[in-house]
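Protein chains in written order, with the numbering used here: chain Z, 1 to 211; chain D, 212 to 422.
For every residue, glycine included, the Cβ atom is placed at its ideal position computed from N, Cα and C.
Structure first, commentary second.
Protein chains: 2
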Amino acid sequence: MARAGLDTDEVVRAGARLADVEGLEALTLARLAGDLGVRAPSLYAHVSGLDDLRRRIGVRGALELAGELQTAAAGRAGADALDAVARAYRDYARAHPGSYEALQRAPDPRDARAGAAATRVVDVVRAVLRGYGLDGDDATHATRAIRSALHGFVSLERGGGFGLPLALDESYAELVDVLDRGLAAASSGRPRRAGPAPRARPRRTTPRPKP
Amino acid sequence: MARAGLDTDEVVRAGARLADVEGLEALTLARLAGDLGVRAPSLYAHVSGLDDLRRRIGVRGALELAGELQTAAAGRAGADALDAVARAYRDYARAHPGSYEALQRAPDPRDARAGAAATRVVDVVRAVLRGYGLDGDDATHATRAIRSALHGFVSLERGGGFGLPLALDESYAELVDVLDRGLAAASSGRPRRAGPAPRARPRRTTPRPKP
DNA sequence: GAATCTATCTAATAGGATTAGGTATGTCAA
DNA sequence: TTGACATACCTAATCCTATTAGATAGATTC
Chain Z
1 MARAGLDTDE VVRAGARLAD VEGLEALTLA RLAGDLGVRA PSLYAHVSGL
51 DDLRRRIGVR GALELAGELQ TAAAGRAGAD ALDAVARAYR DYARAHPGSY
101 EALQRAPDPR DARAGAAATR VVDVVRAVLR GYGLDGDDAT HATRAIRSAL
151 HGFVSLERGG GFGLPLALDE SYAELVDVLD RGLAAASSGR PRRAGPAPRA
201 RPRRTTPRPK P
Chain D
212 MARAGLDTDE VVRAGARLAD VEGLEALTLA RLAGDLGVRA PSLYAHVSGL
262 DDLRRRIGVR GALELAGELQ TAAAGRAGAD ALDAVARAYR DYARAHPGSY
312 EALQRAPDPR DARAGAAATR VVDVVRAVLR GYGLDGDDAT HATRAIRSAL
362 HGFVSLERGG GFGLPLALDE SYAELVDVLD RGLAAASSGR PRRAGPAPRA
412 RPRRTTPRPK P
């Protein structure tokens, strides 16, 4: 038999592609082996099982996503950066639904690379928040808020949770605006419960295309 | 053989309990049948398969969740109502993780009850937004924003996506504050991009316990 | 060319979903 | 009381999946 010449990277890459095209549920070792022209047990030479494969797809996805976010954020600040990162986030989740779902699972605490990949995503978001004057605990809370909002939207959208997909682009833009306003208010000095938002803060610099 | 006396409701209830205690992944017909003192094929008399069971658990969960949210919102308005609903939402997801996950899947378009259950949840959120003066399209976008944020937080929290579970209660409170501020600004009249938030809007009426 | 490494194979086990078809329990009417 | 019927439950069987064990053959190295 001619060898297929696989290695772990190739298997993970093919697994990610399959998951992205047919959904993470459709990713089975039997199916993936078929796609690769190999019998299912052969995959165990490269991956230690289905769970391991899913985790590796997740790590790969997290690194990819972090790269996209980093590119989007480069050279931008404040609301502009938030907007760009939010778009890149949603774009990635829609282009790679299987990888995105895999990346959403808790990283294996024993796998340093998994933790590092997750950290890279968080770090990009955290960097954006410097433009809002947030640091320390405030930045942690704000990072969690942004991640929650973006992930929640993307997750509901993918699952069909919004019913008719009417004006989803606009809804997403509004969500990002709500975050922007809320975070700007949070950073405008304590006590931050009663004061009006600052007036002259620069807003989005590039006009948003109408959906 | 003595009959177990099952019916569909009993099977779904037991399935939801199993999913809540051991996770939706642990819900198998074989396991559930064992719990009910019955063989796996017997469940097909009450449920048309594993997928159907999951969907029914989801519908049941959506109705339960809608009830909790409705109770939380009763007699409150504005930021107070938003806060109460947000807490109830998170409480439900933590108390019933399996049902929550099941409810998150897209409802079967052919099942009227599934659609109605999903609608009930959305309606409670939408009702809260009346206290923010939002209606029509604005209310739709705002509803989606709130659902995204709450679901995203709860989903990341459950999946261990926040790393160390440090100060999660506080982060959640801050997230709700960000929503409140952002929505209040959205409702304060158009053009809504530049104006300061209204000053005298009533804030949360009950002090939030420190985490 | 021999030795080694390893990617792949076949064979086998185990567990899950699901279908087909039989059995016995409960209900209801005569 | 007895018969008929509906149905809750069963066993047996099929198919698919993950996974392990052990053999083989292609590639690499000395």
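Taking CB distances under 8 Å as the criterion, tell me whether residue i reaches chain D.
| i | result |
| --- | --- |
| Val125 of chain Z | no |
| Arg147 of chain Z | yes |
| Gly160 of chain Z | yes |
| Leu82 of chain Z | no |
| Gly58 of chain Z | no |
| Val128 of chain Z | no |
| Ala93 of chain Z | no |
| Gly152 of chain Z | yes |
| His141 of chain Z | yes |
| Glu174 of chain Z | yes |
Note down, in chain order, each residue of its chain lying with its Cβ closer than 8 Å to the Cβ of residue i, except the 5 sequence neighbours on either side.
| i | result |
| --- | --- |
| Gly326 of chain D | Pro318 and Pro320 |
| Gly182 of chain Z | Ala145 |
| Thr28 of chain Z | Leu50 |
| Ala225 of chain D | Leu243, Asp246 and Leu247 |
Check whether the Cβ atoms of residue i and residue j lie closer than 8 Å to each other.
| i | j | result |
| --- | --- | --- |
| Leu82 of chain Z | Leu179 of chain Z | yes |
| Val332 of chain D | Leu276 of chain D | yes |
| Gly212 of chain Z | Ala16 of chain Z | Because chain Z here runs from 1 to 211, residue 212 of chain Z falls outside it and cannot be looked at. |
| Arg316 of chain D | Gly269 of chain D | yes |
| Leu129 of chain Z | Thr143 of chain Z | yes |
| Arg126 of chain Z | Ala139 of chain Z | yes |
| Glu170 of chain Z | His352 of chain D | yes |
With a threshold of 8 Å between beta carbons, is residue i in contact with chain Z?
| i | result |
| --- | --- |
| Ser382 of chain D | yes |
| Ser310 of chain D | no |
| Arg266 of chain D | no |
| Ala317 of chain D | yes |
| Ala230 of chain D | no |
| Arg355 of chain D | yes |
| Gly347 of chain D | no |
| Arg298 of chain D | no |
| Ala288 of chain D | no |
| Leu390 of chain D | yes |
| Ala396 of chain D | yes |
Excluding five sequence neighbours on each side, which residues of the same chain lie with their C-beta closer than 6 Å to the C-beta of residue i?
| i | result |
| --- | --- |
| Gly78 of chain Z | Gly131 |
| His96 of chain Z | Asp20 |
| Arg265 of chain D | Ala313 |
| Phe162 of chain Z | Leu156 |
| Ala241 of chain D | Ala251 |
| Tyr92 of chain Z | Leu65 and Glu68 |
| Val47 of chain Z | Val11 and Leu53 |
| Ala88 of chain Z | Glu68, Leu69 and Ala72 |
| Arg56 of chain Z | Val12 |
| Leu375 of chain D | none |
Near residue i, which residues of its chain fall below 7 Å by C-beta distance, leaving aside the five closest residues on each side in sequence?
| i | result |
| --- | --- |
| Leu175 of chain Z | Ala149 and Phe153 |
| Val335 of chain D | Ala277, Leu280, Gln281, Ala284 and Val296 |
| Ala244 of chain D | Arg250, Ala251, Ser253 and Leu254 |
| Arg192 of chain Z | Any reading at Arg192 of chain Z is ruled out, since the residue's pLDDT is 35, under 50, leaving its predicted position unreliable. |
| Arg94 of chain Z | none |
| His428 of chain D | It is not possible to answer for residue 428 of chain D, since the shown part of chain D is limited to 212 through 422. |
| Leu166 of chain Z | none |
| Leu379 of chain D | Glu368 and Phe373 |
Which residues mark the beginning and the end of the alpha helix (DSSP H) in which residue i is found?
| i | result |
| --- | --- |
| Pro318 of chain D | Unbroken run through Pro318 of chain D: none, as it is neither H nor E. |
| Tyr44 of chain Z | Counting along the chain, Tyr44 of chain Z falls outside any alpha helix (DSSP H), and DSSP gives it neither H nor E. |
| Pro165 of chain Z | No alpha helix (DSSP H) holds Pro165 of chain Z; DSSP gives it neither H nor E. |
| Asp35 of chain Z | Leu29 to Leu36 |
| Asp263 of chain D | Leu261 to Ala284 |
| Arg196 of chain D | Examination of residue 196 of chain D is not possible in this model, given that chain D is present from 212 through 422 alone. |
| Gly23 of chain Z | Careful: Gly23 of chain Z lies outside any alpha helix (DSSP H) and carries neither H nor E. |
| Asp349 of chain D | Gly347 to Arg369 |
What's the call for residue i, buried or exposed, on a 16-neighbour Cβ count within 10 Å?
| i | result |
| --- | --- |
| Asp51 of chain Z | exposed |
| Ala185 of chain Z | buried |
| Asp220 of chain D | exposed |
| Glu25 of chain Z | exposed |
| Arg358 of chain D | buried |
| Thr205 of chain Z | Residue confidence is low: Thr205 of chain Z scores 41 on pLDDT, short of 50, so the model does not pin down where it sits. Its coordinate-derived value is still stated next. Thr205 of chain Z is exposed by the Cβ-count criterion. |
| Gly216 of chain D | exposed |
| Val12 of chain Z | buried |
| Leu229 of chain D | buried |
| Asp7 of chain Z | exposed |
| Ala112 of chain Z | exposed |
| Ala328 of chain D | buried |
| Ala45 of chain Z | exposed |
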